[in-house]
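Colleague: Encoded as structure tokens, here's the structure I'll be asking about.
Protein chains in written order, with the UniProt record's numbering: chain Y, 1 to 233; chain R, 1 to 289; chain A, 1 to 598.
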């Protein structure tokens, strides 16, 4: 089965250590959250898994595929969808082109684009609009939709709640839960702890580039110490 | 009136060539965010390659053009490979790097072909068409139609193909493009090769109308660049409109101010872009703030 | 100043140089110095101020041609012609610089290059400029009765001029003006918000370019006594650019070294000039790729390589030391009054008839869903946008549509949602920029009263230390922002805004990306800022912070004000609950609100 395994991953930018000796696995159908304050190394960890940040590690595997030596642009072929921090849609292309590019590595004749439009009806309504003209929430939906276009087995999301109002955060959370119920594995990196606890079953808490605590989301939700120290809730 | 029409035809012909040069600038700018100051020198190399091959082997001019496109496409790949480490890092440095490449190409041309240059016989031998007293050289019509054809093909590529869309996506966001599976380096290299190919096409076409020499690239490059700016940097329709507009400006300045045409052309250009810096169609690119 | 001690032996060596050189070598050195002056000018304009000016050889040409024309056609003496030539090239610099007010980067590059071509085109064809043959009978300059006919004598004139030009350039780069120029190069919007008059600074850069070009031109006319179009063509512009890039564009001394080195190489390869050009081209490409800071940056690159793995002692963010409490001036005049402001962008209405009034000493929160126009409102108040309709008043004074620098000098400071610190300037310099409250027109002192500038700089330094200490940034004063954690960068931006001693502080999402402890510190800092006499308007998503920090809250949705009141009032207003929290959410109870605002 396709389990995402990360062992001993470290990320350094220049001389600055962003993440150190991070290990975790995402089992098929599981939803794992990584929470922690900004600058704790969450995003760097995710980027390093995607090959978008300078990394060292013992193992990064997805099923039988060794991702440690795989160039970043090949990951999507193995069924890894990525929703970057800050959405990063292609602003000057239409919504439809954005989605189709999500299926860049597959034939454009058979894409799940209708399913994406079903999941996010607003994208269907705006399919011929330029992505740059969408609101923040719509862009976030587009980014998620684009990642779904490669029919991923696991989806990596980096701060999907960033800059969104509470109602949109709740909507994104609903979509993620639904996707997870349908069998998609999810690795969610978030500063927003409430969203993460709602969506995931297991969580890692990162601090200063290292994993400081692990547990089920329910345990961590009620752990006052973790809340006080790491989340500032 | 006849003089006016004659100037108009000449202006549109040169304008078509400027449009090709401007499109080459624009596609590289749009996909890589790189302003390629070596582009003019690539045009010059294209002109030399086509004319030398044409005169040495007496093959049809079309084949000579294909050879020139291949040669400059390779040069484009080399330039892209060298500057790749700077991509998406420092805009000004890349710009200066391309100026460096321009100097290398120009010096290379002097070393290979000598400093003096050569004239190229017209590849179309038929008599000029006579339309109500206005003589239109057949070759001018060839230039205009080839440029139009190339433009159409490029538009089709960008709008209708997966690679075309990917190329634009890389321009807008290279990390996101990588994440969806696009090989950014390969896409950029292709954009650069297409840009260089357009330059070679422009150079080959203008060869028989000008004297081919190592410094022709400087002027042609600046004029093509100015045309791109006039139309709106990075915009394909802008490149076409800007090219023709600049060709006309050039032709009418030459008609009215003779040896001072360059002075007038660039002064007018400076004033126009002062009034409307984003050009006619505005800059079609992501915000680099 | 001690760092410049090495210049003394260099100066002595330069003074003695002619005794060891033959006639031709002397000539080569004299020409090299002219290029060095040009390179210093280009370094100032392009490297320090970031203006891509490809017309520097044209300024050079204007200087040389003006001397030649005035001496040979109008009977002027050399020195009076020289003074006029300098003036003419400065005027030319200003004219070429005008496009810089409207465009930057490659756009500016191509326009200046076009104007340089226009200049070459004119001198090649105008009879008064001697057409392609040039002007050859420029009289020998006479100084104190001495005919400067040989390169040996002229060398000393050049040396003095060069030393003065170099000293002035170094003085400018290391002064408040240079700091503003560098800030403008890195981020002109942020520089404007800090009080830098961008248009005037850009023109200053081109004036400097004109001065150095003109100086070089005058010296060239006096040395060679012959001017022709090809000395000022595009190929020489490229050579000059190569000098500056290879030497290191942001370092004035680097530019000098690059100029002298390349002038020597050019001389050595004069017979095989195509190879020489090939060589420069390749070196420029290599420098751009492998050593972007040029020769001047090499020592630093080596040092970084050497200590790449050794990390220094752990640096700590110190505690914030609160401001002294000051009673607010009780004249009752509102600090900020926004009246019926509407902002349209191409059919999209970002703000629709928005009004708000902020009395002195208030902390006002502006909240609302994304895209509701909060940042647009800030951009209007800080002068980045001119509203389509409506008025903005500061303490009763109408400032609608005033430029950012003007508002900044009137006491409006702001931070940015995505942090706009100057990446190539260290923390101290970022703060010094906030402290510098002079109008740019003050810069006439650079030419007239340089010692005043030094005094001013010392005063700024002392105050910078104070602010750095107050915000607990002492450990990071010499670091560049990019190397610092996000939370500290936010703190630096707030410190920079407070360095401006604002009466109105606009904070755009100051808590974004901060952890709980940092948010708590932020609240403390903002309260202290208010107590120090400033009025604060804050855009924020973190509702917990907004509820506990703000005196009053304005709620925007789709560009309209849908509610305004105390946190307790706003939190239970039905329109707010509906627009901001969504239908599905139940309205918070009074007790929950009480808890949040406690």
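Just so you know, even glycine gets a beta-carbon here, dropped at the ideal spot from N, CA and C.
Bear in mind the structure is a predicted one, so any value in this text is a computation, not a measurement.
State the DSSP-derived secondary structure class of residue 22 of chain Y, mapped to helix, strand or coil.
Modeller: Reduced to three states, the DSSP call for residue 22 of chain Y is strand.
Colleague: Out of curiosity, what's the CA-to-CA distance linking residue 33 of chain A and residue 257 of chain A?
Modeller: Residue 33 of chain A and residue 257 of chain A: Cα-Cα distance of roughly 10 Å.
Colleague: How would you list, in chain order, the residues of chain A whose beta-carbon sits under 9 Å from the beta-carbon of residue 222 of chain R?
Modeller: What residue 222 of chain R touches in chain A: 110, 113, 114, 117 and 234.
Colleague: Using a cut-off of 8 Å between C-beta atoms, extract the partners of residue 96 of chain R located in chain A.
Modeller: Going along chain A in sequence order, the residues near residue 96 of chain R (Cβ under 8 Å) are 241, 245, 284 and 288.
Colleague: Is the Cβ-Cβ distance between residue 29 of chain A and residue 267 of chain A less than 7 Å?
Modeller: Against a cut-off of 7 Å, the Cβ pair of residue 267 of chain A and residue 29 of chain A comes out as no contact.
Colleague: Could you spell out where the alpha helix (DSSP H) holding residue 165 of chain A opens and where it closes?
Modeller: First-last of the alpha helix (DSSP H) with residue 165 of chain A: 151-173.
Colleague: With DSSP as the reference, please indicate the residues paired to residue 560 of chain A in a beta bridge.
Modeller: Paired residue(s): A/557.
Colleague: Under 8 Å: do the region 70-88 of chain R and the region 187-207 of chain R share three or more Cβ pairs, one atom per stretch?
Modeller: Contact holds: three or more Cβ-Cβ distances are below 8 Å.
Colleague: Hey, would you say residue 414 of chain A sits closer than 7 Å to residue 193 of chain A, going by beta carbons?
Modeller: Against a cut-off of 7 Å, the Cβ pair of residue 193 of chain A and residue 414 of chain A comes out as a contact.
Colleague: List, in chain order, every chain Y residue whose beta-carbon is nearer than 7 Å to that of residue 173 of chain R.
Modeller: In chain order: 88 and 90.
Colleague: Is DSSP giving residue 601 of chain A helix, strand or coil here?
Modeller: In this structure chain A extends from 1 to 598, so residue 601 of chain A is not present and cannot be described.
Colleague: Could you tell me which residues DSSP pairs with residue 56 of chain Y in its beta bridges?
Modeller: BP columns for residue 56 of chain Y point to Y/10.
Colleague: Quick check for students: name the residue ranges of the alpha helix (DSSP H) that lie wholly in the region 140-176 of chain R, counting only runs of 4 or more.
Modeller: Taking only runs of at least 4 residues, the alpha helix (DSSP H) segments lying wholly in the region 140-176 of chain R are 162-172.
Colleague: Is it true that the CB of residue 165 of chain Y sits closer than 7 Å to the CB of residue 192 of chain Y?
Modeller: No, Cβ-Cβ distance for residue 192 of chain Y and residue 165 of chain Y is not below 7 Å.
Colleague: Is it buried or exposed, residue 294 of chain R, if we count other Cβ atoms within 10 angstroms and call 16 or more buried?
Modeller: Outside the shown range of chain R (1 to 289) lies residue 294 of chain R, about which nothing can therefore be said.
Colleague: Can you list, in chain order, the residues of its chain whose CB lies under 8 Å from that of residue 510 of chain A, leaving out five sequence neighbours each side?
Modeller: Taken in chain order, the residues that qualify are 415, 490, 494, 522, 526, 538 and 540.
Colleague: Helix, strand or coil for residue 210 of chain Y per DSSP?
Modeller: Strand.
Colleague: Can you give, in chain order, each stretch of the beta strand (DSSP E) that sits fully within the region 450-496 of chain A and has at least 3 residues?
Modeller: Here no run is fully enclosed.
Colleague: Please list the terminal residues of the continuous beta strand (DSSP E) segment that includes residue 355 of chain A.
Modeller: Here the beta strand (DSSP E) through residue 355 of chain A covers 348-358.
Colleague: Could you tell me if residue 159 of chain R is buried or exposed, where buried requires 16 or more neighbouring beta carbons within 10 angstroms of its beta carbon?
Modeller: Burial call: exposed.
Colleague: Take every Cβ of the region 141-153 of chain Y, pair it with every Cβ of the region 208-219 of chain R, and state whether three or more of those distances are shorter than 8 Å.
Modeller: Contact between the region 141-153 of chain Y and the region 208-219 of chain R is absent, because fewer than three Cβ pairs lie under 8 Å.
Colleague: So what's residue 8 of chain R in DSSP terms, helix, strand or just coil?
Modeller: Here residue 8 of chain R sits in helix by DSSP.
Colleague: For the alpha helix (DSSP H) containing residue 378 of chain A, name the first residue and the last one.
Modeller: First-last of the alpha helix (DSSP H) with residue 378 of chain A: 374-381.
Colleague: Looking at the unbroken alpha helix (DSSP H) that takes in residue 184 of chain R, where does it start and where does it end?
Modeller: Segment 184-206, the alpha helix (DSSP H) holding residue 184 of chain R.
Colleague: Relative to the C-alpha of residue 104 of chain A, which residue among R/14, R/274 and R/47 is closest?
Modeller: Nearest option by C-alpha distance: R/274.
Colleague: Smallest Cα separation from residue 346 of chain A: which of Y/83, Y/4, Y/133 and Y/94?
Modeller: Of Y/83, Y/4, Y/133 and Y/94, the residue nearest in Cα terms is Y/133.
Colleague: Quickly, what does DSSP pair residue 119 of chain R with across the bridge? List them, please.
Modeller: R/211, per the DSSP bridge assignment.
Colleague: Near residue 131 of chain A, what residues of its chain come up, given a Cβ to Cβ distance below 7 Å and the 5 sequence neighbours on each side ignored?
Modeller: Only 124 and 125 meet the Cβ criterion.
Colleague: Relative to chain R, which residues along the region 43-71 of chain Y have a C-beta separation below 7 Å, given in chain order?
Modeller: Listed in sequence order: 50 and 52.
Colleague: Could you tell me the alpha carbon to alpha carbon distance between residue 394 of chain A and residue 255 of chain R, rounded to whole angstroms?
Modeller: Roughly 57 Å between the two C-alpha positions.
Colleague: Given a cut-off of 7 Å on the beta-carbon distance, is the pair residue 95 of chain A and residue 52 of chain A in contact?
Modeller: No; because the gap between Cβ atoms is not below 7 Å, this pair is not in contact.
Colleague: Can you tell me whether residue 531 of chain A is helix, strand or coil according to DSSP?
Modeller: Residue 531 of chain A: helix per DSSP, three-state reduction.
Colleague: State yes or no: is the beta carbon of residue 20 of chain Y nearer than 7 Å to at least one beta carbon in chain A?
Modeller: No, its Cβ sits nowhere closer than 7 Å to a Cβ of chain A.
Colleague: What is the rounded straight-line gap between the Cα of residue 311 of chain A and the Cα of residue 59 of chain Y?
Modeller: The pLDDT assigned to residue 311 of chain A is 46, lower than 50, so where the model puts this residue is not dependable, and the model offers no usable value.
Colleague: Examine the Cβ distances between the region 46-66 of chain A and the region 196-212 of chain A and report whether three or more of them are shorter than 8 Å.
Modeller: Enough Cβ pairs lie closer than 8 Å, so yes.
Colleague: Counting only runs of 4+ residues fully inside the region 186-250 of chain A, write out the alpha helix (DSSP H) ranges in chain order.
Modeller: Counting whole runs of 4 or more residues, the region 186-250 of chain A contains the alpha helix (DSSP H) stretches 188-193, 198-224 and 234-247.
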